[in-house]
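This report refers to the structure that appears directly beneath it.
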Amino acid sequence: MAEETPKKEVNMIIISDSAGDTAFNNAVAAAAQFPDVQINYRRYPFIINKEKLEDTFEEIVQYPNLLLIYSLVKDEMQIPVIRFVREHQIQSVDILSPAIESIQKLTGLKPQQRIGAQHKMNQKYFDRISAMEFAVMYDDGKDPKGFLEADVVLLGVSRTSKTPLSLFLANKNLKVANLPLVPDTHIPKEIYQIDPKKIIGLTNDISVLNEIRRERMISYGLNPDTSYSNVNAIKKELDSAQKLYDQLGCFVINVAHRSIEETAAIIMNHLGVQK
Numbered sequence: 015m016a017e018e019t020p021k022k023e024v025n026m027i028i029i030s031d032s033a034g035d036t037a038f039n040n041a042v043a044a045a046a047q048f049p050d051v052q053i054n055y056r057r058y059p060f061i062i063n064k065e066k067l068e069d070t071f072e073e074i075v076q077y078p079n080l081l082l083i084y085s086l087v088k089d090e091m092q093i094p095v096i097r098f099v100r101e102h103q104i105q106s107v108d109i110l111s112p113a114i115e116s117i118q119k120l121t122g123l124k125p126q127q128r129i130g131a132q133h134k135m136n137q138k139y140f141d142r143i144s145a146m147e148f149a150v151m152y153d154d155g156k157d158p159k160g161f162l163e164a165d166v167v168l169l170g171v172s173r174t175s176k177t178p179l180s181l182f183l184a185n186k187n188l189k190v191a192n193l194p195l196v197p198d199t200h201i202p203k204e205i206y207q208i209d210p211k212k213i214i215g216l217t218n219d220i221s222v223l224n225e226i227r228r229e230r231m232i233s234y235g236l237n238p239d240t241s242y243s244n245v246n247a248i249k250k251e252l253d254s255a256q257k258l259y260d261q262l263g264c265f266v267i268n269v270a271h272r273s274i275e276e277t278a279a280i281i282m283n284h285l286g287v288q289k
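Here this note's numbering is used: the first residue of the sequence shown is 15, the next is one more, and so on.
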């Protein structure tokens, strides 16, 4: 029997009746153990009734290779999720129920099933939500003005973990913008207007980047030997990026063989930010 071909991309669906931080934190921590996998985070917070839940199901069913992570305290909301994942043979993780059931067994008390009971609506909480929205809004250089408003700006060639790092740091209340670097393309003028200490240049080993990109092409059913994965092309990209980093005088991190958490910790230490 032939071995199943490993899948290199996962659409991670996070459904919550509150902000979804608990589920998201667990998702990011788990995903960090698979640095070669492309994780597409899709968050659906404040799903507080069955109508919103059904709308979510209709949207996510189009995505391949799903992992549904949910944090729903009410039984009436959990049951449709369980039914949905069974019908569509989707992998799923229930974040809250196992812990709640264990506490119930130990105490003999019934849970209140009160949405958002774990959150204290203080300024730090709202800052974190704002930072998450900022990271999504200014991912992949979508709007150059975000670079001037960010606490930290991540630069790097393709497959240097810019997006997962942005989301991880956003969960630490940092406003993060990132920009993909492609040789011979225009660099927004805003990049040169930022305090160099706020800029983090991400790089990688040629061999590691070659393998990651080849595997990515294979996962799409495409020829792995393209200019995207070509060793000479990768060297040109990395050299071009390093030239920009030298010009900016920014801090540089090689993400090869580093987890998202480790790289984030280096960045936070560089910025002088305490957890």
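Glycine included, C-beta positions come from ideal geometry on N, C-alpha and C.
Can you tell me the Cβ-Cβ gap for residue i and residue j, rounded? I've got them flagged as a contact below 8 angstroms.
i: residue 80; j: residue 27; result: 6 angstroms
i: residue 215; j: residue 255; result: 7 angstroms
i: residue 116; j: residue 84; result: Actually they are not in contact, since the Cβ atoms of residue 116 and residue 84 sit about 18 angstroms apart, beyond 8 angstroms.
i: residue 205; j: residue 193; result: 7 angstroms
i: residue 11; j: residue 109; result: Any question about residue 11 goes unanswered here, given that the chain covers just 15 to 289.
i: residue 252; j: residue 220; result: 7 angstroms
Where do the ends of the alpha helix (DSSP H) carrying residue i lie?
i: residue 283; result: 274-285
i: residue 250; result: 245-262
i: residue 64; result: 64-74
i: residue 162; result: 159-163
For residue i, does the three-state DSSP call read helix, strand or coil?
i: residue 13; result: Outside the displayed range of the chain (15 to 289) lies residue 13, so it cannot be described from this structure.
i: residue 267; result: strand
i: residue 33; result: coil
i: residue 116; result: helix
i: residue 194; result: strand
i: residue 168; result: strand
i: residue 25; result: strand
i: residue 94; result: helix
i: residue 46; result: coil
i: residue 226; result: helix
i: residue 240; result: coil
i: residue 209; result: coil
i: residue 123; result: coil
i: residue 235; result: coil
i: residue 181; result: helix
i: residue 187; result: coil
i: residue 88; result: coil
i: residue 314; result: The question about residue 314 has no answer, for the chain in this structure spans 15 to 289.
Would you give the residue range spanned by the beta strand (DSSP E) that residue i belongs to?
i: residue 108; result: 105-108
i: residue 52; result: 52-58
i: residue 85; result: 80-85
i: residue 213; result: 213-217
Taking 9 angstroms as the threshold (C-beta atoms), are residue j and residue i in contact?
i: residue 70; j: residue 55; result: no
i: residue 189; j: residue 166; result: yes
i: residue 24; j: residue 51; result: yes
i: residue 319; j: residue 175; result: Nothing can be reported for residue 319, as the shown portion of the chain is limited to 15 through 289.
i: residue 31; j: residue 88; result: yes
i: residue 263; j: residue 210; result: yes
i: residue 277; j: residue 179; result: yes
i: residue 60; j: residue 181; result: no
Inset, instruction - Would you be able to state if there are at least three C-beta pairs under 8 angstroms between the segment 279-289 and the segment 219-235? - result: Segments in contact, no.
Legend entry - Meets three-Cβ-pair contact criterion under 8 angstroms: the segment 85-104 and the segment 45-54: Segments in contact, no.
Legend entry - At least 3 beta-carbon pairs within less than 8 angstroms: the segment 238-250 vs the segment 176-196: As far as the Cβ criterion goes, the segment 238-250 does not touch the segment 176-196, which means the pair count is below three.
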